[in-house]
Amino acid sequence: MSKLKLLQESAAAEKAWMTEVRAIFGERDASYARFQERASGDAGSLLRTLHDAYTKAWAAYQAAR
């Protein structure tokens, strides 16, 4: 897979994850939650599923660089 495609997949996964983070934590606290590692969610939650998808996509992009 091309690096561009991996980057696009990572960006899409990040967007979906952060949309859910904002829905849970609010616009103001979303970035704090993300960088304080509170935005990973509980096992089995939609937030965890989206977080895991983003981290997997980001890792794939990083590995291709």
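Heads up: the sequence shown runs through residues 1103 to 1167, numbered per the numbering used here.
We treat Cβ as the ideally placed atom computed from N, Cα and C, and that holds for glycine.
In this text, all values refer to a predicted model and were calculated from it rather than measured experimentally.
Cβ-based neighbour list, residue i, same chain, cut-off 7 Å, excluding 5 preceding and 5 following
| i | result |
| --- | --- |
| Glu1111 | Ala1159 |
| Ala1135 | Val1123, Phe1127 and Ala1141 |
| Arg1167 | Lys1105 |
Under the three-state DSSP convention, the category residue i falls into
| i | result |
| --- | --- |
| Asp1144 | coil |
| Gln1110 | helix |
| Met1103 | coil |
| Glu1116 | helix |
Proximity to residue i [Cα-Cα], best of the options
| i | options | result |
| --- | --- | --- |
| Arg1150 | Lys1105, Asp1131 and Thr1121 | Thr1121 |
| Leu1152 | Asp1131, Lys1105, Ala1113 and Ala1165 | Ala1113 |
Contact under 8 Å by Cβ, residue i with residue j
| i | j | result |
| --- | --- | --- |
| Ala1165 | Ala1115 | no |
Own chain residues within Cβ distance below 6 Å of residue i, not counting five before or after
| i | result |
| --- | --- |
| Ala1132 | Val1123 and Arg1124 |
Same chain, Cβ closer than 8 Å to residue i, five either side skipped, listed in chain order
| i | result |
| --- | --- |
| Leu1148 | Glu1122 |
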